[in-house]
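**Q** I have a structure here, written as structure tokens, and I will follow up with some questions on it.
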Amino acid sequence: MEKSSSGQARTTGWLVRRTLVGVLLFGALVQVVLIIYYLGAAHSPRPHHLPVGYISTDAMASEVEAQIEEGGSFAARRFTDEPALTAAVRAKDIYGGVDLTSEQPELYLASAAGTSAATAIRNTFTEVVERRRADQVQRLVAAGRPVPADTVEQLTEPPSVTDLVPLPDADRGGTSLGLLVQVLAIGATIASIELGKLGVHTTRSARRGFVHAAVLVLYGIVSAAAVAVGASLFGVIPSGEVLSLFASFALLSLALSCSVAAAVALLGPGGAMLGTLYFLVGIVISGSSVVPEFLPSWARVLGQALPPGSGASLIRERLYFPDASVAGPASVLAGYAVVGLVVVLITNALPSTKVRAAP
Numbered sequence: 001m002e003k004s005s006s007g008q009a010r011t012t013g014w015l016v017r018r019t020l021v022g023v024l025l026f027g028a029l030v031q032v033v034l035i036i037y038y039l040g041a042a043h044s045p046r047p048h049h050l051p052v053g054y055i056s057t058d059a060m061a062s063e064v065e066a067q068i069e070e071g072g073s074f075a076a077r078r079f080t081d082e083p084a085l086t087a088a089v090r091a092k093d094i095y096g097g098v099d100l101t102s103e104q105p106e107l108y109l110a111s112a113a114g115t116s117a118a119t120a121i122r123n124t125f126t127e128v129v130e131r132r133r134a135d136q137v138q139r140l141v142a143a144g145r146p147v148p149a150d151t152v153e154q155l156t157e158p159p160s161v162t163d164l165v166p167l168p169d170a171d172r173g174g175t176s177l178g179l180l181v182q183v184l185a186i187g188a189t190i191a192s193i194e195l196g197k198l199g200v201h202t203t204r205s206a207r208r209g210f211v212h213a214a215v216l217v218l219y220g221i222v223s224a225a226a227v228a229v230g231a232s233l234f235g236v237i238p239s240g241e242v243l244s245l246f247a248s249f250a251l252l253s254l255a256l257s258c259s260v261a262a263a264v265a266l267l268g269p270g271g272a273m274l275g276t277l278y279f280l281v282g283i284v285i286s287g288s289s290v291v292p293e294f295l296p297s298w299a300r301v302l303g304q305a306l307p308p309g310s311g312a313s314l315i316r317e318r319l320y321f322p323d324a325s326v327a328g329p330a331s332v333l334a335g336y337a338v339v340g341l342v343v344v345l346i347t348n349a350l351p352s353t354k355v356r357a358a359p
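Counting in this note's numbering, the sequence shown runs from 1 upward without gaps.
In structure tokens form, the structure reads like this:
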């Protein structure tokens, strides 16, 4: 009896030690992987071929374009006049631009597209303007002509800046978009997990599948309404645009909840990890806090292929850039939602392979 108790104690001790070592190693491994991922994706964001525009004379167009694109941070596009350039900014074809044809250069920005992008454009275009002014002074001096005081004042005056699409006063930092996406991701994951638990207490059938699908659609509507109302209360969404953004919130919520529900239907409770991955992996590269063009190529492509990234793009465009095309992100979200609903319907219609023991 004593030997049996001693053996059991040793076994218990070994299991405890193995569990403790496993927790330590697994926790450390997860941290290492996340550190590599987070820092590799967004530790030092910088623009990569960020689309911008400029207006200049034919004589200096090639030189100005070379200055803007120096270093590969920007992709310059020439416009013929100010209305064409500002229309492109409002449609988010470009993130900003500069008009160098007037005596006083004018910078055009869209801070709602991303504060980091607006800052980078401001700094780069200010440098371009200063170079052009320095060249003018050098040409005057080289020609032996005096530089009048009013000319010096004009050349040293900083360029004027016009923010064509500013952020609302209630969200000057531009962080609210990322928070809204996080709220939708967390809520959709919880709803999908709870819905998956109902499968344990009910029998598979086409009827159960339709009920689950209906609940997911209803949750998407309720979730979108809650986020839209909450965002409007804090001034993030103008009161007159709540209804117009409701569909975007609902589509993102459906894409998140339906895809997680499909993973749960296929893999069981472990499928809920998809929602965790959306939160841990997708939010960082979603473009909600860091402009997609500021991320490495792999992170930008992956981020926009996931619901958080497509959702962030869709909401930003619908909120600040009504002239911009939303076909891309809307198609991605619709794909996740439709495929998720189809998987839920099919898995519920299939007969169960589990044999329950008789009571």
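Glycine included, each C-beta is placed from N, C-alpha and C at the ideal position. Because the structure is a prediction, the values reported are computed rather than measured.
Under a three-way DSSP split, which group does THR86 fall into?
**A** Helix, per DSSP.
**Q** So PRO51 is in the beta strand (DSSP E); what residue range does that whole segment cover?
**A** Run containing PRO51: 50-55, per the beta strand (DSSP E) assignment.
**Q** CB-CB under 6 angstroms to SER176, same chain, minus the five flanking residues each way: which ones, in chain order?
**A** VAL236.
**Q** Should ILE105 be labelled buried (16 or more other beta-carbon atoms within 10 Å of its own) or exposed?
**A** Note that residue 105 is Pro in the sequence shown here, rather than Ile. With 16 or more Cβ atoms within 10 Å of its Cβ, PRO105 is classed as buried.
**Q** What does the alpha-carbon distance come out to for the pair LEU218 and GLN31?
**A** Straight-line Cα distance between these residues: approximately 37 angstroms.
**Q** In whole angstroms, give me the CA-to-CA distance for ALA357 and ARG204.
**A** Low per-residue confidence applies at ALA357: pLDDT is 35, beneath 50, and the placement is therefore not dependable, though the value from the model is reported in the following sentence. Going from the Cα of ALA357 to the Cα of ARG204 covers about 17 angstroms.
**Q** Would you call the region 65-72 in contact with the region 48-56, where contact means no fewer than 3 C-beta pairs closer than 8 angstroms?
**A** Because the criterion of three Cβ pairs below 8 angstroms is met, the region 65-72 and the region 48-56 touch.
**Q** Between the Cα of ALA327 and those of GLY311, PHE246, VAL89, spot the shortest distance and give me the residue it belongs to.
**A** The shortest Cα separation from ALA327 among GLY311, PHE246, VAL89 belongs to GLY311.
**Q** Rounded to the nearest angstrom, what separates VAL291 and LEU306 at their Cα positions?
**A** Looking at the two C-alpha atoms, the distance is approximately 15 angstroms.
**Q** Assuming ALA178 contacts SER288 (C-beta within less than 8 angstroms), just tell me the rounded distance between them.
**A** With the sequence shown as reference, residue 178 is identified as Gly, and Ala is not the correct amino acid for it. Right, the Cβ-Cβ distance comes to about 4 angstroms (below 8 angstroms), so this counts as a contact.
**Q** Residues in its own chain within less than 8 angstroms of MET1 by CB, not counting five upstream and five downstream?
**A** Residue placement at MET1 cannot be trusted, given a pLDDT of 49 that sits under 50; what the coordinates show is reported in the next sentence. If we look at MET1 and ignore the five residues flanking it on each side, it has no Cβ neighbours.
**Q** Can you give me the C-alpha to C-alpha distance between VAL181 and ILE283, rounded to a whole angstrom?
**A** Answer to the nearest angstrom: the Cα atoms are 8 angstroms apart.
**Q** On a CA-only basis, which of THR19, ILE346, TYR37 is nearest ALA206? Give me that one, please.
**A** Checking every option, the nearest Cα to that of ALA206 belongs to ILE346.
**Q** Does the Cβ of LYS354 have 16 or more other Cβ atoms within 10 Å, making it buried, or fewer, making it exposed?
**A** Summary for LYS354: the model assigns pLDDT 48, below 50, so the residue's position carries little reliability, and this model does not support an answer.
**Q** Run through DSSP, which three-state label would VAL215 get?
**A** Helix.
**Q** Quick one: complete beta strand (DSSP E) runs, 3+ long, within the region 63-109?
**A** Entirely contained in the region 63-109, the beta strand (DSSP E) runs reaching 3 residues are, in chain order, 74-78, 96-99, 106-109.
**Q** Would you mind sorting GLY309 into buried or exposed? The rule is 16 or more other CB atoms within 10 Å of its CB.
**A** Looking at its Cβ environment, which holds 16 or more other Cβ atoms inside 10 Å, GLY309 is buried.
**Q** Under the three-state reduction of DSSP, which class applies to ASP323: helix, strand or coil?
**A** Correct three-state label for ASP323: coil.
**Q** Considering only DSSP beta bridges, list what SER160 is partnered with.
**A** According to DSSP, SER160 bridges with GLU106.
**Q** Suppose you measure from the CA of VAL183 to the CA of VAL128; what does that come to, to the nearest Å?
**A** Between VAL183 and VAL128, the C-alpha separation is close to 41 angstroms.
**Q** Taking the alpha carbon of LEU295 as the point to measure from, which residue in TRP14, SER73, ALA263, SER244 has its own alpha carbon closest?
**A** That would be SER73, whose Cα lies nearest to the Cα of LEU295.
**Q** Helix, strand or coil for SER44 per DSSP?
**A** Note: SER44 maps to coil in three-state DSSP.
**Q** Rounding to the nearest angstrom, what Cα-Cα distance links VAL339 and VAL215 in this structure?
**A** Each residue's Cα considered, the two are about 16 angstroms apart.
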